Structures are given as C-alpha cells and as structure tokens.
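Chains as they are written, first to last, in this note's numbering: chain P, 1 to 213; chain Y, 214 to 426. Have a look at the structure below, then the notes.
Number of protein chains: 2
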Amino acid sequence: MNTQSTAHSKKPHHHGDLRRALVQAGIDLLEEGGLPALTLRKCAAKAGVSHAAPAHHFNGLDGLKAAIAQEAFRRFSASMLTAAEVGDPSPRGRLKSICRGYLHFGQTHPALLQMIFGVTPEEMEAADTDTPGDHEKGTNAYQILSEACAPFVPAGTDPRIVEIQVWSLAHGFTLLALPGRFIEGGVDHTDALFDQVMALLNHVGPTVSPASP
Amino acid sequence: MNTQSTAHSKKPHHHGDLRRALVQAGIDLLEEGGLPALTLRKCAAKAGVSHAAPAHHFNGLDGLKAAIAQEAFRRFSASMLTAAEVGDPSPRGRLKSICRGYLHFGQTHPALLQMIFGVTPEEMEAADTDTPGDHEKGTNAYQILSEACAPFVPAGTDPRIVEIQVWSLAHGFTLLALPGRFIEGGVDHTDALFDQVMALLNHVGPTVSPASP
DNA sequence: AGGGCAAACTTGACACTGTAAAGATAACAC
DNA sequence: GTGTTATCTTTACAGTGTCAAGTTTGCCCT
Chain P
1 MNTQSTAHSK
11 KPHHHGDLRR
21 ALVQAGIDLL
31 EEGGLPALTL
41 RKCAAKAGVS
51 HAAPAHHFNG
61 LDGLKAAIAQ
71 EAFRRFSASM
81 LTAAEVGDPS
91 PRGRLKSICR
101 GYLHFGQTHP
111 ALLQMIFGVT
121 PEEMEAADTD
131 TPGDHEKGTN
141 AYQILSEACA
151 PFVPAGTDPR
161 IVEIQVWSLA
171 HGFTLLALPG
181 RFIEGGVDHT
191 DALFDQVMAL
201 LNHVGPTVSP
211 ASP
Chain Y
214 MNTQSTAHSK
224 KPHHHGDLRR
234 ALVQAGIDLL
244 EEGGLPALTL
254 RKCAAKAGVS
264 HAAPAHHFNG
274 LDGLKAAIAQ
284 EAFRRFSASM
294 LTAAEVGDPS
304 PRGRLKSICR
314 GYLHFGQTHP
324 ALLQMIFGVT
334 PEEMEAADTD
344 TPGDHEKGTN
354 AYQILSEACA
364 PFVPAGTDPR
374 IVEIQVWSLA
384 HGFTLLALPG
394 RFIEGGVDHT
404 DALFDQVMAL
414 LNHVGPTVSP
424 ASP
C-alpha cells in the first residue's frame with residue numbers, strides 16, 4: 001500500500017537503500033555545518049540522486065528530520081549504554097556513568113542532540129511510523145536511564161520523580177555546556193564541573209533520612 | 214556614524230523607531246508560528262515596510278535573531294524577577310520562586326525560550342553590540358539567579374557550582390516539559406511534578422539541618 | 001515469455017526565502 | 001537654498017521546499 005515494508009528483506013530498485021543513505025548524508029551535513037546546513041537538496045546531492053528524490057522516502061523535510069532524530073536517538077542511547085558498561089558497576093557509579101555519557105554525546109555531537117530534543121511535535125507527526133524494532137527493550141535511552149534510577153527510588157513513590165530529577169540535571173547541564181554557549185571552559189574543565197554539579201545526586205533516593213514522611 | 218543612538222530621544226526619519234517595531238513583529242511571529250515562522254520579509258510586512266528594510270537595522274537574519282534573543286532575555290529576566298518578588302521572601306522560597314518563574318516563562322513563551330538558549334555563536338556575533346544599559350545591574354537573569362543562590366553557597370567553595378546545579382535542574386526540566394515534548398501532562402500536573410523534582414534543591418548548600426521547613 | 005503495474009526516481013516549474021546593488025526620499029547641517 | 005547622509009524602495013539573483021507530470025526499472029501474474 002503505502003510504505004515499503006521490504007526495507008530489510010528485499011532490495012530497492014535503483015539506488016539500494018537510499019533511505020539510509022539520505023539519513024546518513026543528513027547527519028553528515030548536520031555535523032559539518034549545524035542545523036542550517038541540513039537541506040533536502042544537499043542531502044540528495046550527497047547521495048547522488050535528484051533533488052526531489054527524498055520526497056518519496058520521507059514526508060518532506062519534516063519527515064527527514066524525524067528520521068534523522070530517530071537515528072540520532074539510537075546512537076545517543078548506544079553512547080549512554082557503552083558509557084554505563086565500561087564504568088563503575090555499582091548502582092550509583094552506573095547512574096553517573098550514564099550521565100557522563102549524556103554529556104559526552106552532547107559535547108561531541110551537539111547538532112545531533114539538538115536534533116533529538118529540538119524536534120517539534122509537527123515534525124514528529126511527519127515521521128513514517130513504520131520503524132519496526134526501533135524502541136526495542138534495552139536500547140531506548142529513557143529505559144536505560146529509568147533502570148539506572150530504579151535503585152534510588154524510595155519505596156512507594158513515583159519512580160518518575162527520581163528519573164526526571166536525574167534527567168533534568170544531566171539534560172540541563174549538557175545543553176548549557178554546549179560548545180560556545182553559557183558554560184565556558186575546555187573539555188576537562190567542563191568535566192570537572194560536571195562531576196561537582198552531579199554530586200547533587202548523592203542526595204537522591206534513600207539518603208540522609210531514609211524513613212522520611 | 215553607524216547606529217542611531219537617538220533611539221529614545223529623537224525620532225528616526227521615515228517610520229519612527231522601526232528597529233523596535235521589527236523586533237516586536239518578530240516576537241509576534243515567533244509566538245504565533247514558532248521558529249519557522251520568523252522571516253525577514255514577514256517582519257517587514259508586519260511593520261509595513263519594504264522587504265529589504267530590516268537589512269539596514271540588523272546584520273541580516275542572524276542579527277535580527279540576536280536582537281530578538283536580547284529582548285526575549287530581558288522579558289525572561291523580568292519574569293523571574295517578578296516571580297521572586299511576589300513569593301516567599303525567605304532565601305529558599307525566593308530561589309524556588311525564581312525557578313518557578315523559569316518554568317512558567319518556558320510554558321507560556323516556548324519559542325522565546327528556544328530563541329534565548331538556541332542562538333548560535335555565529336548569530337551572536339551578528340548582533341549589533343550597541344545595546345547600552347542592557348546588562349544593567351539587577352536585570353540580568355544570571356545575576357538574579359546568582360544572588361538567589363548566594364545564601365546556599367558553602368563557605369570556601371566556588372559559587373558557580375551551586376548556581377549551575379540550580380540552573381541545570383530548572384533549565385533541564387523546563388526544556389523537557391516544553392509543550393508537546395517529553396514530559397506530558399497538563400499545566401497543573403507539570404507544576405506539581407516540578408515541585409517534587411525541585412525538592413532536590415533542599416539538599417543544596419548547608420544541607421541536612423535547614424532552618425526552614 | 002510477455003504484458004501490465006507499481007514503485008523509484010527525474011524533470012520542470014512555482015512560491016518563498018535571504019541577500020546584495022542601485023535608485024529614490026526625507027531629514028539634517030551649513 | 002545646497003549638499004550630505006541615513007532611511008527606505010526597487011530590482012535582481014541564488015537557494016530552498018514542494019508539487020505535478022513524466023521516465024525508468026524491477027516485479028508479479030497469467
């Protein structure tokens with residue numbers, strides 16, 4: 001009918017997986033020149049196709065942006081997951097490693113982070129909803145964070161509170177520390193500041209007064 | 214020579230303070246249709262001038278964006294200041310009121326917040342640097358926050374740590390709770406969640422034995 | 001095998017955008 | 001009054017997204 005559900009089994013006709021090529025070209029453009037460099041025509045040129053070809057794989061520019069955001073989100077999740085696996089395996093160490101992965105991804109791929117969290121609702125609606133196996137079990141960034149927060153959720157409380165506490169702190173710092181933004185300083189200085197800021201999480205969950213109201 | 218430093222005393226030639234009119238037109242467009250609706254030509258049309266007129270008052274679109282960001286920052290600061298003045302005057306109450314003003318501004322003017330914190334370095338360079346009396350004493354948002362954080366800075370530590378802890382938390386939550394984004398729910402639900410998340414600040418600075426409830 | 005058929009692209013066009021150069025106009029200095 | 005300068009207009013051009021029509025290519029079915 002509408003979508004090519006054959007994306008992974010059969011091979012397309014002319015180009016051979018042009019959809020993925022366009023997404024990758026868009027990511028390249030994004031990393032090179034930031035948001036204003038992302039252009040349907042430039043993506044098409046980079047993939048070696050005509051300027052109107054992307055319109056058949058995505059629902060216009062918004063659809064391409066949504067697809068890029070999905071792929072960026074996938075890489076973002078992977079970045080946090082690997083950061084968690086190589087660090088301190090204790091619950092608190094794992095949580096901090098994930099947050100560090102959050103910051104690291106923002107420092108190294110600012111445009112992709114901007115893409116992930118800057119996509120507007122209307123752009124999301126333009127996404128082709130046929131992304132099977134995308135939000136799989138452990139690969140979702142929010143689920144990774146949620147599981148890392150679980151040990152610090154006081155019994156009987158809404159786990160989303162702790163999750164959003166951690167998420168807001170990491171997200172806010174990462175955005176403020178984006179290159180050329182409000183928190184100045186080199187990478188090492190930013191890292192040290194990040195650790196000191198994240199020390200606030202030592203007071204999260206079952207801490208000082210375990211049996212509070 | 215270059216700029217009309219007569220912005221407040223004499224009146225310009227044709228239009229009469231077109232610079233301010235263009236900035237206001239841009240803000241209106243931004244609030245109505247979001248970032249993609251902000252256009253030099255639409256601003257010019259809304260101000261009743263030719264489509265190329267803005268180029269003489271701003272350094273291209275980037276300059277207009279920077280000017281709008283400055284004005285938005287001014288209103289943002291005012292929003293936090295008034296929120297601080299009408300709330301609990303205790304140090305902790307004042308700090309939380311400011312954070313609530315942060316969130317409230319983001320909920321009511323999401324495009325302006327995006328403008329303030331989304332302006333790129335190159336766009337900032339395009340700003341006309343002749344904004345006298347702009348970063349005045351108490352009107353700077355960061356100074357407001359800094360002064361509100363001062364009572365919670367442990368002696369001998371860098372005050373920026375507490376400031377960035379508070380700033381990151383408020384900034385992160387506000388962005389995640391932007392309408393149609395990652396934190397769902399109505400305004401009242403968001404407010405309640407915000408209070409619970411911001412409870413993390415009870416552990417900032419001189420902790421565990423607070424004099425206030 | 002061969003005819004149809006749909007999907008994957010191409011081509012051409014249009015409206016809209018930012019930007020630059022050159023011309024008109026009005027306020028001001030003298 | 002005369003000249004000058006800043007303000008704004010006009011005109012033009014390259015680049016953008018999007019639509020409508022055409023062209024090619026692989027696949028399916030009889």
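Glycine is no exception: its CB is placed at the ideal position from the N, C-alpha and C atoms. Values in this document were obtained by computation on a predicted structure and should not be read as measured data.
Inset, instruction - Determine which residues of the segment 49–64 of chain P have a Cβ less than 7 Å from any Cβ of chain Y, and write them out in chain order. - result: none
Inset, instruction - For valine 400(Y), count neighbouring C-beta atoms within 10 Å of its own C-beta (all shown protein chains included) and say buried if the count is 16 or more, exposed if not. - result: exposed
Legend entry - Under 7 Å between C-beta atoms of serine 168(P) and phenylalanine 386(Y): The Cβ atoms of serine 168(P) and phenylalanine 386(Y) sit closer than 7 Å to each other.
Legend entry - Reference histidine 322(Y); option with closest CA among Leu414(Y), Gln409(Y), Gly246(Y) and Arg232(Y): Gly246(Y)
Inset, instruction - Decide if threonine 120(P) is buried, meaning its Cβ has at least 16 other Cβ atoms within 10 Å, or exposed. - result: When all chains shown are included, threonine 120(P) counts as buried.
Legend entry - Closest Cα partner of alanine 44(P) within the set Gln196(P), Gly180(P), Met198(P) and Leu64(P): Leu64(P)
Inset, instruction - Note down, in chain order, each residue of its chain lying with its Cβ closer than 7 Å to the Cβ of alanine 238(Y), except the 5 sequence neighbours on either side. - result: Cys256, Lys259 and Ala260
Inset, instruction - State the DSSP-derived secondary structure class of alanine 141(P), mapped to helix, strand or coil. - result: helix
Legend entry - Classification of glycine 205(P) by the beta-carbon crowding that lies within 10 angstroms, buried from 16 upward: buried
Inset, instruction - Go to alanine 296(Y), then tell me how far its alpha helix (DSSP H) extends in each direction, as first and last residue. - result: 273–299
Legend entry - Per-residue burial, valine 410(Y) [other beta carbons within 10 Å of its own, 16 or more giving buried]: buried
Inset, instruction - With DSSP collapsed to three states, give me the class of valine 417(Y). - result: For valine 417(Y), the secondary structure class from DSSP, reduced to helix, strand or coil, is coil.
Inset, instruction - Report yes if the C-beta distance between glycine 101(P) and methionine 80(P) is below 7 Å; otherwise report no. - result: yes
Inset, instruction - Within 10 angstroms of the Cβ of histidine 384(Y), are there 16 or more other Cβ atoms? Answer buried if so, exposed if not. - result: buried
Inset, instruction - Quick one: which residues of the segment 134–168 of chain P get their C-beta closer than 7 Å to a C-beta of chain Y? List them in chain order. - result: Ile161, Ile164, Gln165, Trp167 and Ser168
Inset, instruction - Just the C-alpha distance for phenylalanine 271(Y) and leucine 391(Y), rounded to the nearest angstrom, thanks. - result: 30 Å
Legend entry - Distance CB(leucine 200(P))-CB(glutamine 283(Y)) smaller than 7 Å: no
Inset, instruction - Would you mind stating whether leucine 175(P) and isoleucine 183(P) have Cβ atoms separated by less than 7 Å? - result: no
Inset, instruction - Please work out which residues of its chain come closer than 6 Å, Cβ to Cβ, to alanine 234(Y), disregarding the five sequence neighbours upstream and downstream, and give them in chain order. - result: Ala260
Legend entry - serine 228(Y): first and last residue of the uninterrupted alpha helix (DSSP H) it sits in: As written in the sequence, residue 228(Y) is histidine, which differs from the serine given in the question. Careful: histidine 228(Y) lies outside any alpha helix (DSSP H) and carries neither H nor E.
Inset, instruction - Could you tell me whether the Cβ of valine 410(Y) comes closer than 7 Å to any Cβ of chain P? - result: yes
Legend entry - Nearest-angstrom Cα separation, counted from phenylalanine 318(Y) out to leucine 244(Y): Per the sequence presented here, residue 244(Y) reads as glutamate, with leucine not at that position. If you take the alpha carbons of glutamate 244(Y) and phenylalanine 318(Y), they lie about 12 Å apart.
Legend entry - DSSP state of arginine 181(P) mapped onto helix, strand, coil: coil
Inset, instruction - Can you give me the Cβ contacts of methionine 214(Y) inside the same chain, cut-off strictly under 6 Å, excluding the 5 residues immediately before and after it? - result: With a pLDDT of 36 at methionine 214(Y), under the threshold of 50, the predicted position of this residue should be treated as unreliable, though the coordinate-derived value follows. For methionine 214(Y), where only same-chain residues beyond five positions count, there are no Cβ hits under 6 Å.
Legend entry - Contacting positions in the segment 395–406 of chain Y - beta carbon closer than 9 Å to chain P: Phe395, Ile396 and Leu406
Inset, instruction - Within its chain, find whatever has a CB closer than 6 Å to the CB of alanine 126(P); leave out the 5 residues flanking it on each side and keep chain order. - result: These residues qualify, in order along the chain: Asn59, Asp62, Gly63 and Ala66.
Legend entry - Pick from Val236(Y), Asp341(Y), Asp241(Y) and Ala297(Y) that is closest to isoleucine 357(Y), judged by C-alpha positions: Out of Val236(Y), Asp341(Y), Asp241(Y) and Ala297(Y), the CA that lies nearest to the CA of isoleucine 357(Y) is found in Ala297(Y).
Inset, instruction - Taking a Cβ distance cut-off of 8 Å, strictly less, list which residues of the segment 66–98 of chain P are near chain Y, in chain order. - result: none
Inset, instruction - Starting from threonine 108(P), trace the alpha helix (DSSP H) both ways and give me its first and last residue. - result: 91–108
Legend entry - Enclosing alpha helix (DSSP H) for aspartate 188(P) [first to last residue]: 187–198
Inset, instruction - Leaving out five residues on either side along the sequence, give the residues of the same chain with a beta carbon under 7 Å from the beta carbon of proline 216(P). - result: Residue 216(P) cannot be examined here, being either before or after the span of chain P that is shown, 1 to 213.
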